[in-house]
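With the numbering used here as the guide, the letters of the sequence shown map in order to residues 114 to 332.
Contents: one structure, followed by commentary.
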Amino acid sequence: MIRHHQFRIDMGPHTTVTDDIYEVITSYVKSERQRALTKEERLDILRKGPKPKHKGQRLCFVAGILDGGTEGSKLLTTRVFRGGHRQTKDYHGMFNHAYFVNWMKELMDELDFLGKSGALIVMDNASYHKGVPSDTPKGTWKKQDLLAACERFGVAASANDYRSVIWSKLQAYVKENIVPEVVSVARARGYEVVYTPPYHSDLQPIEYVWAYLKGNVGR
């Protein structure tokens, strides 16, 4: 059951928790690279030369957890993808809103297959979880485009209004009426998306999976 106003989540059956990706670098962990070298290691470096500074290939993961109790919980729609030769500084260059929307559709396909239609999908407030449809009005649009949007949404505006005034009206409409794309996609298939309060990763069980994975890679 979800009590939106109290920001409380009681994880019951048919609840799926999603999370953004966790970056794994297949190389020495930071503590190993920064530790003091022994005399033998320093001599070995002098003989062989320093090792190349290479962090290895970046692997990114995205998955959900089905909250089905002790016997029924499982990872869902796990996807792993690799960075290219010219890797970005972090995973945001490899993982974005469009990728997440497509992943959400695959997640719902899997939930349907498992007989979990109508499940509650819980996620945090990452920007790619809350992206709005591409045709949503933006503050960078030209005045005539903003006026056309006002007409489309039934927002009262005049060509005599300043562009800033028109945008202010549209901005208020968007805030009150335009939901994130994943929310509308989920509702169209009978699912509901709930966002956890900011800075409450403890409400995301999948964080423990990533922490376990990180520990294994580090060791």
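Even for Gly, the Cβ is constructed at its ideal location relative to N, Cα and C.
message: Please list the terminal residues of the continuous alpha helix (DSSP H) segment that includes R302.
response: Counted from its first residue, the sequence shown places residue 302 at position 189. Note, R302: premise wrong, no alpha helix (DSSP H); not H, not E.
Closest Cα partner of L316 within the set D180, K161, Q284 and E154: Here the question's residue 316 lines up with position 203 in the sequence shown. Of the candidates D180, K161, Q284 and E154, the one whose C-alpha sits nearest the C-alpha of L316 is D180.
task: Mark D237 as exposed unless 16 or more other C-beta atoms lie within 10 angstroms of its C-beta, in which case mark it buried.
output: Residue mapping note: residue 237 aligns to position 124 of the sequence shown, counting from 1. With 16 or more other Cβ atoms within 10 Å, it is buried.
task: Please classify F226: is it buried, with 16 or more other beta-carbons within 10 angstroms of its beta-carbon, or exposed?
output: The residue given as residue 226 occupies position 113 in the sequence shown. F226 should be labelled exposed.
message: Tell me which residues share the same chain as P250 and place their Cβ nearer than 7 Å to its Cβ, disregarding the 5 neighbours each side in the sequence.
response: Numbered from 1 along the sequence shown, position 137 holds the residue referred to as residue 250. For P250, where only same-chain residues beyond five positions count, the Cβ hits under 7 Å are L259, A262, L283 and V287.
task: Give the secondary structure of K187 by DSSP, where H, G and I count as helix, E and B as strand, and everything else as coil.
output: In the sequence shown, the residue the question calls residue 187 occupies position 74. Reduced to three states, the DSSP call for K187 is strand.
- request: Let me know the secondary structure DSSP gives G331 once reduced to three states.
  value: As a working mapping, residue 331 is identified with position 218 in the sequence shown. Judged by DSSP in its simplified three-state form, G331 adopts helix.
query: Roughly how many angstroms lie between the CA atoms of V92 and R195, to the nearest whole one?
result: For residue 92 there is no data in the structure shown, the boundaries of the chain being 114 and 332.
message: Quick check for students: name the residue ranges of the beta strand (DSSP E) that lie wholly in the region 249–312, counting only runs of 3 or more.
response: 305–308
query: Given that a residue counts as buried once 16 or more other Cβ atoms are within 10 Å of its Cβ, and exposed if not, what is K229?
result: Along the sequence shown, one-based indexing puts residue 229 at 116. Under this definition K229 is a buried residue.
Range of the contiguous alpha helix (DSSP H) that encloses V214: Within the sequence shown, residue 214 is the residue found at index 101, counting from 1. Taken as a continuous stretch (DSSP letters only), the alpha helix (DSSP H) holding V214 covers H210 to F226.
query: When you compare only the Cα positions, how much space is there between L172 and V330?
result: Mapped onto the sequence shown, residue 172 falls at position 59. Mapped onto the sequence shown, residue 330 falls at position 217. Distance between the alpha carbons of L172 and V330: 12 Å.
task: Report the three-state DSSP secondary structure of A324 (helix, strand or coil).
output: Looking up residue 324 in the sequence shown gives position 211. Three-state DSSP puts A324 in a helix.
task: Flag T183 as yes when its Cβ comes closer than 7 Å to any non-hydrogen atom of the ligand FMN, and as no otherwise.
output: Absence of the ligand FMN is noted for the structure shown, with no ligands found whatsoever.
field: Bridge partners - R192, DSSP secondary structure assignment
entry: By one-based count along the sequence shown, residue 192 stands at place 79. DSSP, once it has assigned bridges, lists V175 as partnering R192.
message: Tell me which residue opens and which closes the beta strand (DSSP E) that L233 is part of.
response: Along the sequence shown, read from residue 1 onward, the residue named residue 233 stands at position 120. First-last of the beta strand (DSSP E) with L233: L233 to M236.
field: Beta carbon of I319 nearer than 8 Å to that of I178
entry: Within the sequence shown, residue 319 is the residue found at index 206, counting from 1. Within the sequence shown, residue 178 is the residue found at index 65, counting from 1. Cβ atoms of I319 and I178: closer than 8 Å.
- request: Please check the pair K243 and V298, which I expect to be a contact at CB under 8 Å, by giving their CB distance rounded to whole angstroms.
  value: As a first step, residue 243 is located in the sequence shown; it is residue number 130 there, counting from the start. As a first step, residue 298 is located in the sequence shown; it is residue number 185 there, counting from the start. At roughly 13 Å, the Cβ-Cβ gap does not stay under 8 Å, so K243 and V298 are not in contact.
- prompt: Is it buried or exposed for Y325, if we count other Cβ within 10 angstroms and need 16 for buried?
  reply: Working through the sequence shown from its first residue, we reach residue 325 at position 212. The residue is exposed, with fewer than 16 neighbouring Cβ atoms inside 10 Å.
message: On the criterion of 16 or more Cβ atoms from any shown chain inside 10 Å, does V235 qualify as buried, or is it exposed?
response: Residue 235 sits at position 122 when you count from the first residue of the sequence shown. Buried: at least 16 other Cβ atoms inside 10 Å.
field: D248 versus K255: straight-line alpha-carbon distance, rounded
entry: Along the sequence shown, read from residue 1 onward, the residue named residue 248 stands at position 135. Along the sequence shown, read from residue 1 onward, the residue named residue 255 stands at position 142. Cα to Cα, the separation comes out at about 14 Å.
field: For T151 and D157, the rounded distance between their alpha carbons
entry: Here residue 157 refers to the residue found at position 44 when the sequence shown is read from its first residue. Here residue 151 refers to the residue found at position 38 when the sequence shown is read from its first residue. Their Cα atoms are separated by approximately 10 Å.
- request: Let me know if V193 comes out buried or exposed under the rule of 16 or more other beta-carbons within 10 Å of its beta-carbon.
  value: Position 80 of the sequence shown, counted from the first residue, corresponds to residue 193. Result: exposed.
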